[in-house]
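Everything on this sheet refers to the single structure shown next.
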Amino acid sequence: MATSSSVRPLRVLTGITPSGTPHLGNYVGSIRHSVRQSVAPGVESFFFLADYHALIKVQEPALIQRSTLEIAASWLACGLDPERVTFYRQSDIVEITELTWFLTCVTGKGVLNRAHAYKAQLDKNVAKGEDPDADVTAGLFMYPVLMGADILMFNAHKVPVGRDQVQHIEMARDMAQRFNHQYGEHFTLPEAEIDDAVATLPGLDGRKMSKSYGNTIPMFAPRAQLQKQIASIVTDSRAPGEPKDTEGSALFQIYQAFASADETEALRRAYAEGVAWGDAKQMLFERIDREVAPLRARYEALMNDPAEIERVLLAGAEKARQLSRPFMSELRHAVGLRNLAAGRDKGAARKAAKVAKPSFKQYRERDGLFYFKLLDAQGAALLQSRGFASPQDAGRAIAALQQQRAEALAALAGQLEPADADALRAATEALDTLAEAAAAGSSES
Ligand code: TRP
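Listed below in structure tokens is the structure:
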């Protein structure tokens with residue numbers, strides 16, 4: 005049965021800035037959770053490397069390249085399936101920069117003045133008695149608009165982020181609202197998704213594991229290095245045999261992020277019984293290594309084959325651009341960047357619209373259900389739907405096909421009679437033709 009949720013699956017979009025080497029905090033706080041979520045039924049996931057964002061912070065070209073490679077390899081090694089999700093590099097989607105400009109023009113400067121990342125720099129400068137805008141690039145100032153373009157380009161419903169990013173999602177929502185108000189409904193209003201169950205991992209010194217504190221454990225350090233790093237986690241000076249506190253123990257918290265409830269309970273008992281710190285560290289090392297070792301092997305293989313990663317990312321970009329290209333032409337038209345002849349010569353446009361083209365036919369069968377067909381320009385059926393309970397349900401499916409085309413074909417597979425690859429290709433082409441005709445036709449008004 006057609007429901008609106010089967011017409012448009014929940015879209016989840018995750019961006020990560022390639023500005024360093026991924027560490028265990030990234031893994032526990034984001035990668036592991038989002039890879040799991042990406043295989044949930046009814047979810048359509050977009051993952052991308054925000055390399056345009058990286059340029060704001062990092063001005064070392066080799067570091068950008070290296071980090072992009074490492075982060076892409078990490079996601080893939082952790083099980084992200086590029087067949088199943090859309091996995092791409094931001095800078096391959098050239099439409100993102102164009103959309104950034106459109107959004108720039110509907111975003112209040114005052115709104116950007118209040119963005120945390122920019123304000124933090126400002127406050128620091130003022131505290132030091134310097135010019136408020138010292139070291140502030142326009143890139144840092146515009147950061148939220150670029151992020152808005154990432155999100156709105158793919159009409160994401162949900163954006164999983166840390167608390168520090170929630171403000172940016174609200175700004176994206178605001179941009180979408182203003183644009184929709186000005187130019188008609190084009191954008192979905194995104195929502196932040198904060199998962200408080202996801203652990204923040206303490207680092208070597210007990211503070212939150214973060215690149216800016218220099219207390220991280222790289223995710224794919226070789227075994228010997230991992231062991232050495234774990235040995236350097238701070239503990240108190242209690243001797244073997246003395247009971248230890250789990251409360252406030254970084255070692256215990258890291259262990260908990262990897263272990264099952266039973267394993268955690270066992271370590272809690274060992275603490276109470278006075279386990280030596282050296283032995284507890286050995287337990288932690290083995291527990292982490294057990295989870296990471298198979299991922300590390302995949303990671304190393306991927307890092308030795310950058311051409312394969314490049315191929316995967318370019319294929320992902322092509323998949324993403326199947327959406328961003330037509331969407332951007334819709335948006336260009338909406339704001340008035342239009343074909344001049346189409347507007348001026350109304351007669352010609354109308355004539356073009358009358359040229360035979362594919363069409364949808366809706367009808368009711370004797371079984372009382374509502375059906376549709378997609379016909380080609382000659383009237384031959386390209387697609388045949390199954391029965392819908394109401395004409396609205398059938399209409400929604402048609403609208404999805406008109407707007408999301410190939411993607412909707414896949415999403416609606418259950419509501420269509422089976423078609424082979426050739427028929428699907430022909431149907432996709434017909435849907436593209438219809439979309440082009442619709443864009444040309446609406447430019448008359
Ligand atoms: N700014 C985010 C970060 O540093 C990364 C990012 C860029 C992002 N664009 C995005 C996250 C869009 C979610 C959606 O963490």
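With my numbering, letter number 411 in the sequence shown gets 415, and the count goes up by one each step, no holes.
All C-beta atoms, glycine included, are put in the ideal place defined by N, C-alpha and C.
All figures in this text were calculated on a predicted structure; none of them were measured in a lab.
Taking all protein chains shown into account, decide if residue i is buried (16 or more other Cβ within 10 angstroms of its Cβ) or exposed.
i, result
"Gln69", "exposed"
"His185", "exposed"
"Glu411", "buried"
"Pro362", "buried"
"Gly188", "exposed"
"Ala131", "exposed"
"Ala263", "buried"
"Glu369", "exposed"
"Leu318", "exposed"
"Gly114", "exposed"
"Cys82", "buried"
"Ile20", "buried"
"Asn117", "exposed"
I'd like to confirm something about residue i: is its beta-carbon nearer than 7 Å to some heavy atom of the ligand SAH, or not?
i, result
"His57", "This structure does not include the ligand SAH; its bound ligands are the ligand TRP."
What's the C-alpha gap between residue i and residue j?
i, j, result
"Ala243", "Leu230", "24 Å"
"Ala346", "Ala338", "14 Å"
"Arg302", "Met332", "37 Å"
"Pro136", "Val316", "43 Å"
"Leu435", "Ala403", "11 Å"
"Gly278", "Leu205", "24 Å"
"Gly152", "Ile35", "22 Å"
"Ala442", "Gln407", "11 Å"
"Phe52", "Gly166", "16 Å"
"Leu405", "Leu413", "7 Å"
"Lys215", "Trp105", "31 Å"
"Ala77", "Met307", "6 Å"
"Ala417", "Met146", "41 Å"
"Ser253", "Lys212", "12 Å"
"Gly112", "Phe183", "12 Å"
"Gly340", "Lys323", "27 Å"
"Leu438", "Ile100", "25 Å"
"Asp154", "Ser95", "11 Å"
"Asn129", "Gln63", "21 Å"
"Arg390", "Tyr367", "11 Å"
Indicate, with yes or no, if the ligand TRP has a heavy atom lying under 7 Å from the CB of residue i.
i, result
"Leu17", "yes"
"Met307", "no"
"Ile20", "yes"
"Gln169", "yes"
"Ala4", "It is not possible to answer for residue 4, since the shown part of the chain is limited to 5 through 449."
"Val39", "no"
"Val110", "no"
"Met151", "yes"
"Asp178", "no"
"Val43", "no"
"Asp293", "no"
"Val47", "no"
"Asp199", "no"
"Val165", "yes"
"Ile97", "no"
"Asp135", "no"
"Asp154", "yes"
Go through its chain and collect everything with a Cβ distance to residue i's Cβ below 8 Å, but skip five positions before and after it.
i, result
"Asp85", "Ser42, Val43"
"Ala430", "Asp380, Leu386"
"Pro26", "Ile35, Glu74, Ile75, Ser78, Pro222, Met223, Phe224"
Give the DSSP-derived three-state secondary structure of residue i in the structure shown.
i, result
"Ala138", "coil"
"Asp349", "Any answer about Asp349 is weak, because its pLDDT of 49 lies below 50 and its placement is not dependable; what the coordinates show is given next. Reduced to three states, the DSSP call for Asp349 is coil."
"Ala357", "The predicted position of Ala357 is uncertain, since its pLDDT is 49 and thus under 50; no value can be drawn from it."
"Thr25", "coil"
"Thr192", "coil"
"Gly340", "coil"
"Ser241", "coil"
"Phe331", "helix"
"Thr104", "helix"
"Gln382", "coil"
"Gln63", "coil"
"Val115", "helix"
"Pro222", "strand"
"Lys123", "helix"
"Lys132", "coil"
"Leu416", "coil"
Spatial neighbours of residue i within its chain, please: CB distance less than 6 Å, with the 5 preceding and 5 following residues excluded, ordered by chain position.
i, result
"Lys61", "Ser23"
"Asp349", "Any reading at Asp349 is ruled out, since the residue's pLDDT is 49, under 50, leaving its predicted position unreliable."
Beta-carbon within less than 7 Å of residue i's beta-carbon, same chain only, minus the 5 sequence neighbours each way: which residues are those?
i, result
"Val47", "Pro13, Leu14, Val16, Gln41"
"Pro451", "Residue 451 lies beyond the stretch modelled for the chain, which goes from 5 to 449, so this question has no answer here."
"Arg177", "Leu193, Pro194"
"Ala427", "Leu386"
"Leu255", "Ile237, Thr239, Ala284, Lys285, Leu288"
Using a Cβ-Cβ distance under 8 Å, would residue i count as near chain B?
i, result
"Glu411", "Absence of chain B from the displayed structure is noted, only one protein chain being present."
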